[in-house]
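The sequence shown begins at 123 in this note's numbering and counts up by one. Ideal placement from N, C-alpha and C gives every residue a C-beta, glycine not left out. The structure displayed is predicted, hence computed values, not measured ones. See below for the structure under consideration.
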Amino acid sequence: MIKRLLSYLLPINIYQKKSEFSKNLEVTWNNGFLVLDSENTNYSFGSLQRVLKKGLKYIGYDRINKFESILILGVAAGSVIETLKNDLKFKGKITGVEIDPTVIEIANKYFGLDQFNNVEIVIDDAFEFVLKTREKYDLIVIDIFQDTTMPNFLFEDFFINRINFLLNVNGFILFNTMILDKKDSERNLAYRTKFSTDYCVRLYPKIEHHNELFTIKKLA
Numbered sequence: 123m124i125k126r127l128l129s130y131l132l133p134i135n136i137y138q139k140k141s142e143f144s145k146n147l148e149v150t151w152n153n154g155f156l157v158l159d160s161e162n163t164n165y166s167f168g169s170l171q172r173v174l175k176k177g178l179k180y181i182g183y184d185r186i187n188k189f190e191s192i193l194i195l196g197v198a199a200g201s202v203i204e205t206l207k208n209d210l211k212f213k214g215k216i217t218g219v220e221i222d223p224t225v226i227e228i229a230n231k232y233f234g235l236d237q238f239n240n241v242e243i244v245i246d247d248a249f250e251f252v253l254k255t256r257e258k259y260d261l262i263v264i265d266i267f268q269d270t271t272m273p274n275f276l277f278e279d280f281f282i283n284r285i286n287f288l289l290n291v292n293g294f295i296l297f298n299t300m301i302l303d304k305k306d307s308e309r310n311l312a313y314r315t316k317f318s319t320d321y322c323v324r325l326y327p328k329i330e331h332h333n334e335l336f337t338i339k340k341l342a
C-alpha cells in the first residue's frame with residue numbers, strides 16, 4: 123500500500139526480468155496502478171490499456187457483448203482481457219495468443235490473468251496460430267509489439283487475408299499500431315488500401331500520441 127501511494131509521486135519498480143522476446147520487462151506502480159513495461163514502451167495497463175479501451179468503445183460495448191468469441195493476438199499482461207471482463211462484463215469465449223511465456227508468468231503473478239473464467243491462453247507465435255486454428259471469431263484484436271517494433275508480417279497480404287478468413291461476417295478487427303516516424307505513417311496508409319469493398323476500414327490517429335488504431339468491419 124505504501125508503494126502504491128508513493129507511486130503518485132514517482133514510479134516504483136517492484137519486479138523486473140529478462141525475456142527472450144521482450145528483452146527487459148518491468149512491473150511498476152505508476153499513479154496508483156500496476157503496469158507492465160518493456161525497455162522503451164508500455165506493454166500492458168497504463169497507456170496501452172487506454173488505447174485499446176478507446177478502440178473497443180469505437181466498436182461499441184453493446185455490440186461486443188453480443189459477440190460469442192474473441193481472439194487476442196498479443197496478450198502481454200492481459201489489459202484488454204481485463205477491460206473485456208471487468209468493464210464490458212463480456213461472457214463469451216476469449217482466446218489469447220502470446221509468444222512470450224515470461225510475459226504470461228508475470229501476468230498471472232502480478233495481474234491475475236489466470237483468475238478470469240472462459241479465457242484460454244495459448245503460448246504460440248501469432249502467425250503460426252492463425253495458420254493452425256479452425257475457429258472463427260467475432261472480434262480479433264491485434265496488439266503485437268517487440269518493444270517498439272512491429273513485426274513485418276502483420277502488414278503482409280498473406281497474414282491479412284488469413285485474419286480476414288477467420289473473421290465472421292459483421293465481426294471486427296481492432297488493430298493497434300505504433301507511429302514513430304514518416305515510414306510508419308506510410309506503412310499504415312498502405313495497409314488501409316489492402317481491404318476490398320467487403321470491409322469498412324476506419325483509422326483513428328494520434329491515440330496516446332504514438333498510436334494509430336484501425337477498426338475493420340467485415341460486411342460480407
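If you follow the alpha helix (DSSP H) that residue i is in, where does it begin and where does it stop?
{"i": "residue 249", "result": "248-254"}
{"i": "residue 223", "result": "223-233"}
{"i": "residue 341", "result": "Residue 341 -> no alpha helix (DSSP H), and no H or E assigned at all."}
{"i": "residue 177", "result": "168-181"}
Residue range of the beta strand (DSSP E) that residue i falls in?
{"i": "residue 292", "result": "289-300"}
For residue i, write down the residues that DSSP places opposite it in a beta bridge.
{"i": "residue 145", "result": "141"}
{"i": "residue 135", "result": "150"}
{"i": "residue 215", "result": "191"}
{"i": "residue 164", "result": "159"}
{"i": "residue 333", "result": "300, 329"}
Please classify residue i as buried or exposed, where buried requires at least 16 neighbouring CB atoms within 10 angstroms.
{"i": "residue 136", "result": "exposed"}
{"i": "residue 182", "result": "exposed"}
{"i": "residue 144", "result": "buried"}
Give every residue of the same chain whose Cβ lies closer than 8 Å to the Cβ of residue i, excluding the five residues on either side of it in the sequence, and list them in chain order.
{"i": "residue 125", "result": "134, 136, 151"}
{"i": "residue 291", "result": "340, 341, 342"}
{"i": "residue 211", "result": "187"}
Would you mind giving the Cβ-Cβ distance between residue i and residue j, rounded to the nearest angstrom? I have them listed as a contact below 8 Å.
{"i": "residue 141", "j": "residue 247", "result": "15 Å between Cβ atoms; not a contact."}
{"i": "residue 298", "j": "residue 274", "result": "Residue 298 to residue 274, Cβ: 16 Å. No contact."}
{"i": "residue 296", "j": "residue 335", "result": "7 Å"}
{"i": "residue 170", "j": "residue 162", "result": "Rounded, the Cβ-Cβ distance is 13 Å, inconsistent with contact."}
{"i": "residue 220", "j": "residue 203", "result": "Their Cβ separation, rounded to whole angstroms, is 11 Å, which puts residue 220 and residue 203 out of contact at 8 Å."}
Cutting at 6 Å between CB atoms, please list the residues of its own chain near residue i, excluding the five before and the five after it.
{"i": "residue 215", "result": "191, 240"}
To which residues of the same chain is residue i closer than 7 Å at the C-beta, ignoring the five residues directly before and after it?
{"i": "residue 259", "result": "191, 192, 193, 288, 289, 290, 293"}
{"i": "residue 129", "result": "151, 152, 153, 154"}
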